[in-house]
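Beneath this line is the structure, given in structure tokens, with notes to follow.
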Amino acid sequence: MQAYTRYQSDYGYRRRVDEGMTPVQLAEFDAKVAEEKRALVAQAPRSAPEPGPTAEPSAVPAIADERHGSTSGYAAGCRLKEACPGVALVGRSCTQAATEYQREVKRRKRAENGATAPGPSEAPAEPADDAPALLAVRDQLAKSEGRVAELEGVLSDREQVNAAQAKRIAELTDRVASLELELDVAKSAREVTLSKDAQLVVPPREANPSRFRFQRDDAGGVVVDVDGEQPGFVRFDLDQSGALVGVAVQSGK
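Numbering-wise, my numbering puts 1063 at position 142 of the sequence shown, and it's gapless, one number per residue.
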């Protein structure tokens, strides 16, 4: 990009490029031209201005001596403290008087605006312990702590109630499962009839015929084997005519 910019702006460079000079030849040519320019500049005559006379410090103009040491007696020579006659007259130079005047003006402005700064010996006032705002904050904090303790107690009671309910639900679930088992055994027992020769007669079942398996024991009871459960015992009570008058179910667990 730099070579392209120079090609567009420098006619001599563009002409040399068009003539077929290589980049190395262009660099050598530029170095040669630069050396010739430096030689011409060194040979050119130079004229340096002669140093002029050193300016002497201006003296204090002749004014009334009583004006020095105040804001109205400043002159060019009063810039130096030793050259101001006010030091010998009133003990301060005109520059010191101007500085003190500016300080006084700023102090008065702060006093008018009610923003007087405390002196170096004054310490900032500390807030009292019984300040109304502080007491209000303490009361609010105490109420918040009491509310938190109350909520923690309610939460603890709620957890105890939930634990008791969960235990009761577990007990009821176990009881329901046991009742369902007894109900299934009772329904199956009703379908069983005894013939005159004390043999079990089981009617055909529509589904899962092997769920209950009955076996007559020597004591006159019937052993019921339930799939997936421990064996249970069913006692059939018969009257003199052989009719079924009662059924007792006992789990084998």
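No residue lacks a Cβ here, since even glycine has one placed at the ideal position from N, Cα and C.
The model shown is predicted, which means the values in this text are computed figures rather than measured ones.
C-alpha gap between residue i and residue j, whole angstroms
i: L947; j: G941; result: 10 Å
i: P970; j: E956; result: 28 Å
i: Q1086; j: Q1061; result: 37 Å
i: P966; j: Y934; result: 30 Å
i: L1001; j: V954; result: 56 Å
i: K1027; j: H989; result: 23 Å
i: A1104; j: K1088; result: In the sequence under discussion, the amino acid at residue 1104 is Leu, which differs from the Ala named in the question. Going by the C-alpha atoms only, they are around 24 Å apart.
i: L1093; j: K1064; result: 43 Å
i: P974; j: E1003; result: 25 Å
i: A1091; j: A1057; result: 51 Å
i: V1008; j: A976; result: 26 Å
i: S968; j: A952; result: 28 Å
i: K1108; j: L1100; result: 12 Å
i: L1102; j: D1078; result: 37 Å
i: G1067; j: A1032; result: 49 Å
i: R1024; j: K1030; result: 10 Å
Buried versus exposed, by CB contacts within 10 Å (16 or more), residue i
i: V1106; result: buried
i: P1006; result: buried
i: E1127; result: With a pLDDT of only 47 at E1127, under the threshold of 50, the placement of this residue in the model should not be trusted; the figure read from the coordinates follows. Result: exposed.
i: S1014; result: buried
i: Y932; result: exposed
i: L994; result: The identity of residue 994 in the sequence shown is Gly, whereas the question assumes Leu. Buried.
Beta-carbon contacts of residue i that lie in its chain and below 7 Å, excluding the five residues immediately before and after
i: T992; result: A1018, A1019, Y1022
Close beta carbons around residue i, own chain, < 8 Å, minus the five adjacent residues each side
i: V1082; result: none
i: F950; result: R937, M942
i: T1016; result: Y995, C999, R1000, K1002, C1005
i: D939; result: none
Limits of the unbroken alpha helix (DSSP H) element including residue i
i: L947; result: 944 to 964
i: E1033; result: 1015 to 1033
i: L1010; result: 1007 to 1011
i: R936; result: 932 to 939
CB contact check: residue i to chain C, cutoff 8 Å
i: R1089; result: Protein chain content of the structure displayed is limited to a single chain, and chain C is not contained in it.
6 Å CB neighbourhood of residue i in its chain, flanking five on each side removed
i: P972; result: none
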